[in-house]
Amino acid sequence: MPEGHTLHRLARLHQRRFGRAPVLVSSPQGRFADGAAAVSGRVLTKADAWGKHLFHHYEGGQVVHVHLGLYGTFTEWPLAAGKTQPLPVGQVRMRMVGTEYGADLRGPTVCEVLAEPEIGDVIGRLGPDPLRRDADPSLAWARIRKSRRPIGALLMDQTVIAGVGNVYRSELLYRHHIDPHRPGVRIDEAEFEAMWADLVALMRVGLRRGKIHTIRHEDDHGAPSYAPGRPRTYVYRRAGEPCRICGTEIRTEVMEGRNLFWCPTEQH
């Protein structure tokens, strides 16, 4: 599932390519036909994101709310002068056509039109987003410090912190030497503050580069496991391989429905 930095990149891209101009919206698949008709031809005033949720704000107060889920993707294409639009390929839930670019959305978990006031209901169910300037980490800490759930589960809970997915969860806990099974009540405030600051920095790198990068410079020594096609991570998708720092075999298990990875020696 795309993590929060991906949605923020999409929001920025769509703001540049479609913002402040009328957008023709359709649903070649048909499942979003009514929603598309409600906003088609209106000016896209703003595209933004909160966690794993993308919002297209249109003139008149209508908002297209998208959650990509596990399989959703946007495909963008330039509009060539004098040429017709490309025919939809596959199940295109929503097609956007601006003045210079088009975009097709396939396979989202959510694609719906909401009124502006309803967006508050969606956001109200989410925790703070590390990539937003208005994020209040104290809201996440208030939930974590009182919970007996494992910190590895809490980090995946979008009501605690919005935008964290499986990669950031595993890598963040490794970087801070925290056992993913440790209950939230056993995380001290200094540990949380350090994790939050690191998460903000890591996700900003992901936003800027378009990919997750978690290896510290001092650990990036060109080992064979950094070769093309190999995970450029400390623990994520490295089950059974030696820890980059201590050599202990990386373990994996399912937590919150996703494969968790950790080093039993480095994380405690």
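Note that the UniProt record's numbering has the sequence shown beginning at 1, numbered continuously upward. All residues carry an ideal CB built from backbone N, CA and C; glycine is no exception. These numbers come from a predicted model, not from an experiment.
* Please report the residue range of the beta strand (DSSP E) in which ALA47 lies. => Indexing the sequence shown from 1 puts residue 47 at position 47. ALA47 -> beta strand (DSSP E) spans 44-50.
* Asked: Out of VAL39, GLY163, HIS65, HIS176, which has the shortest C-alpha to C-alpha gap to PRO108?
  -> Residue mapping note: residue 108 aligns to position 108 of the sequence shown, counting from 1. Here the closest residue by C-alpha is HIS65.
* **8 Å contact criterion, which MET203 and HIS5 should meet: CB distance rounded** => One-based indexing of the sequence shown puts residue 203 at position 203. One-based indexing of the sequence shown puts residue 5 at position 5. A Cβ-Cβ distance of about 5 Å is found for the pair MET203 and HIS5, placing them in contact under the 8 Å criterion.
* Buried versus exposed, by CB contacts within 10 Å (16 or more), TRP262 -> Locating residue 262 in the sequence shown gives position 262, where the first residue counts as 1. Around the C-beta of TRP262, 16 or more other C-beta atoms lie within 10 Å, and the residue is accordingly described as buried.
* Asked: Should the region 93-113 be regarded as contacting the region 148-167, the criterion being three or more beta carbon pairs within less than 8 Å?
  -> Taking a cut-off of 8 Å on C-beta distances, the region 93-113 does not touch the region 148-167, as fewer than three cross pairs fall below it.
* Going by DSSP, name the residue or residues bridged to THR252. => The count along the sequence shown starts at 1 and reaches residue 252 at position 252. Under DSSP, the beta-bridge partners assigned to THR252 are PHE261.
* Measuring from the CB of ARG216, is there a heavy atom of the ligand MG at a distance below 6 Å? -> Among the ligands in the structure shown, none appear at all, so the ligand MG cannot be discussed.
* Kindly indicate the opening and closing residues of the beta strand (DSSP E) around SER26. => On the sequence shown, residue 26 is found 26 positions in, with the first residue counted as 1. Its beta strand (DSSP E) spans residues 24-26.
* To do: Grab me the residues of VAL92's own chain with a C-beta within less than 8 Å of its C-beta, minus the 5 sequence neighbours each way, in chain order.
  => Translated into the one-based positions of the sequence shown, residue 92 becomes position 92. Residues SER27, PRO28, GLN29, ASP104, LEU105, ARG106 of the same chain have their beta carbon placed closer than 8 Å to that of VAL92, with the five preceding and five following residues left out of the count.
* Whose C-beta lies closer than 8 Å to the C-beta of PRO183 among residues of the same chain, with five residues either side of it excluded? -> The residue given as residue 183 occupies position 183 in the sequence shown. Within the same chain, PRO183 has close Cβ partners SER147, ARG148, ARG149, PRO150, ILE151.
* To do: Tell whether a beta-carbon distance below 7 Å holds between GLN62 and VAL39.
  => Your numbering for residue 62 matches position 62 in the sequence shown. Your numbering for residue 39 matches position 39 in the sequence shown. Between GLN62 and VAL39, the C-beta spacing is below 7 Å.
* Tell me which same chain residues have a C-beta within less than 7 Å of the C-beta of SER170, skipping the five on either side of it? -> In the sequence shown, the residue the question calls residue 170 occupies position 170. Take SER170, set aside five residues on each side of it, and the residues of its chain with a beta-carbon closer than 7 Å to its own are VAL235, TYR236, LEU260, PHE261, TRP262, in chain order.
* Beta bridge counterpart(s) of TRP77 as assigned by DSSP -> Translated into positions along the sequence shown, residue 77 becomes position 77. Answer is GLY102.
* Asked: Roughly how many angstroms separate the alpha carbons of LEU79 and ILE215, rounded to a whole number?
  -> Looking up residue 79 in the sequence shown gives position 79. Looking up residue 215 in the sequence shown gives position 215. When only Cα atoms are considered, LEU79 and ILE215 end up about 39 Å apart.
* **Cβ-based neighbour list, ARG42, same chain, cut-off 8 Å, excluding 5 preceding and 5 following** => Taking the first residue of the sequence shown as position 1, residue 42 is located at position 42. The answer, listed in chain order, is PRO22, VAL23, TYR58, GLU59, GLY60, GLN62.
* What are the boundary residues of the alpha helix (DSSP H) that LEU114 is part of? -> In the sequence shown, the residue the question calls residue 114 occupies position 114. Not the alpha helix (DSSP H): LEU114 falls in the beta strand (DSSP E), residues 110-115.
* **Local conformation of PHE32 per DSSP, three classes** => Taking the sequence shown and counting its residues from 1, the one referred to as residue 32 is at position 32. In this structure, PHE32 counts as coil in the three-state DSSP scheme.
* Asked: Looking only at DSSP bridge pairs, what is PRO183 linked to?
  -> Counting from one through the sequence shown, the residue named residue 183 turns up at place 183. Looking at the DSSP assignment, PRO183 forms a beta bridge with PRO150.
* Look up PHE55 in the DSSP assignment and give the residues it is bridged to. => Working through the sequence shown from its first residue, we reach residue 55 at position 55. Paired residue(s): ASP48, HIS65.
* Asked: What is the residue span of the alpha helix (DSSP H) that ARG93 lies within?
  -> By one-based count along the sequence shown, residue 93 stands at place 93. Segment 92-97 is the beta strand (DSSP E) holding ARG93; no alpha helix (DSSP H) there.
* Tell me whether LYS19 sits in a helix, a strand or coil according to DSSP, three-state version. => Position 19 of the sequence shown, counted from the first residue, corresponds to residue 19. According to the sequence displayed, residue 19 carries Gly and not Lys. Note: GLY19 maps to strand in three-state DSSP.
* Asked: What does DSSP give as the partner residues of PRO242 in its beta bridges?
  -> The residue given as residue 242 occupies position 242 in the sequence shown. Among the bridge pairs identified by DSSP, PRO242 is matched with GLU249.
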